[in-house]
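The numbers in our numbering rise by one with no breaks, and the one at position 15 of the sequence shown is 1037.
Idealized CB from N, CA, C, for every residue including glycine.
It should be emphasised that the depicted structure is a prediction, and the values quoted were computed from it without experimental measurement.
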Amino acid sequence: MIQLLGKIYRRVQRHVDLNRYNPTTIAEYLRKQGSTIGEGCVIVPTNLGAEPYLVRIGNHVTIAQGVKFETHDGGVWIFREELPDFQVFGPIVIEDNVVIGQNAILFPNIRIGRNSIVGAGSVVITDVPPDTICMGVPARPFGSISKYREKSIERWQAQRPPDILIEDGDTWWNSKHFPANREKLRRHLLELFRQELGGAGVPGNKRRKSL
Ligand SMILES: CC(C)(COP(=O)(O)OP(=O)(O)OC[C@H]1O[C@@H](n2cnc3c(N)ncnc32)[C@H](O)[C@@H]1OP(=O)(O)O)[C@@H](O)C(=O)NCCC(=O)NCCS
């Protein structure tokens, strides 16, 4: 009974602790769990796996929702009858300026190089070189960052509301105009994607290929 109460107390305590943070401040909490994390990161998951002290994250890294950090190889479980304390571990290192897409799984013993993107849902089992987009299961390099940059700038030029205000030195998120800008963006995107969403539509929007 006391054990159960202790367990419930720890769960409630963790919940209360976590409520004090958001994705831009959670690094502070995760550092207390033993991870090494740089500055300017946006981290949505609140848990970096069973061995958080084996996770090292650089500066200006975004980690999307549902990303899993696996710092041990559970496969050796099947040898435990023979070797009762058998465990195998490996670190996960993420260098500066990286995005890890939603629901990616990161395996032990990997280093994700700076300026790289891991696609949503990918399973990363080997090192990712710097300046690389990788995706898939297992994740493989795909295309070039510079082409992705060009393509994305073109898309944003079509999607950016013409009347947004951001003062020099501010970003979209910390600008004092953020609420107004977000509303302008909502209206602009609704207009841009009117056809797709069931209205009259704006010609020339790139659509994903159909199956
Ligand atoms: C990896 C990513 C950046 C690629 O963007 P992109 O180049 O604009 O992607 P495209 O839609 O043009 O697809 C390019 C190719 O990659 C493939 N692809 C795209 N994303 C993929 C993914 N996550 N896993 C596997 N393959 C993927 C496409 O099928 C396409 O392949 P094809 O050329 O053989 O048809 C993007 O798809 C992604 O996963 N972004 C992260 C999304 C996310 O997690 N957002 C949460 C907020 S951070």
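Residue interval of the alpha helix (DSSP H) (run including residue i)
i: S1174; result: 1167–1181
i: R1036; result: 1024–1040
i: L1187; result: From DSSP, L1187 is part of no alpha helix (DSSP H); its letter is neither H nor E.
i: N1203; result: 1200–1214
Closer than 6 Å: residue i CB and nearest ligand 1 heavy atom
i: I1079; result: no
i: A1142; result: yes
i: A1086; result: yes
i: G1135; result: no
i: G1062; result: no
i: G1096; result: no
i: I1139; result: yes
i: Q1124; result: yes
i: M1157; result: yes
i: Y1031; result: no
i: Y1043; result: no
i: Y1075; result: no
Other residues of its chain near residue i: CB distance less than 7 Å, five sequence neighbours each side excluded
i: R1042; result: none
Cα-Cα separation, residue i to residue j
i: L1207; j: G1123; result: 23 Å
i: P1130; j: S1057; result: 14 Å
i: E1104; j: G1141; result: 39 Å
i: P1074; j: G1220; result: 46 Å
i: G1096; j: P1106; result: 13 Å
i: I1188; j: K1198; result: 8 Å
i: E1218; j: L1211; result: 11 Å
i: E1213; j: E1092; result: 42 Å
i: M1157; j: V1146; result: 8 Å
i: T1193; j: F1200; result: 9 Å
i: R1177; j: M1023; result: 58 Å
i: Q1055; j: P1184; result: 44 Å
i: V1110; j: H1094; result: 6 Å
i: G1112; j: A1072; result: 12 Å
i: A1180; j: S1166; result: 22 Å
Span of the beta strand (DSSP E), counted from its first residue to its last, around residue i
i: R1053; result: Premise fails: R1053 lies in the alpha helix (DSSP H), 1048–1054, not in any beta strand (DSSP E).
i: R1078; result: 1077–1079
i: R1133; result: 1132–1134
i: I1116; result: 1114–1116
i: T1093; result: Looking at the DSSP string, T1093 is not in any beta strand (DSSP E), and its letter there is neither H nor E.
Cβ neighbours of residue i in the same chain (closer than 6 Å, five flanking residues each side left out)
i: I1186; result: N1203, K1206
i: D1149; result: I1132, R1133
i: L1040; result: T1068
i: R1053; result: I1059
i: V1120; result: V1083, I1134, S1138
i: G1226; result: Here the model assigns G1226 a pLDDT of 48, short of 50, so the residue's position is not dependable and the matter cannot be decided.
i: V1077; result: S1057, L1070, F1091, I1114
i: R1136; result: E1117, D1118, N1119, P1152
i: N1081; result: G1060, E1061, G1062, D1118
Cβ neighbours of residue i in the same chain (closer than 8 Å, five flanking residues each side left out)
i: Y1170; result: I1139, I1155
i: F1164; result: G1141, I1155, C1156, M1157, G1158
Residue-level contact to chain D via CB, residue i, 7 Å cutoff
i: F1101; result: In summary, chain D is missing from the structure at hand, where a single protein chain is found.
Quiz item: Does the stretch 1035–1054 come close enough to the stretch 1065–1073 to have 3 or more Cβ pairs within less than 8 Å?
Solution: yes
Quiz item: Would you call the stretch 1073–1093 and the stretch 1123–1134 in contact, with 3 or more CB pairs under 8 Å?
Solution: yes
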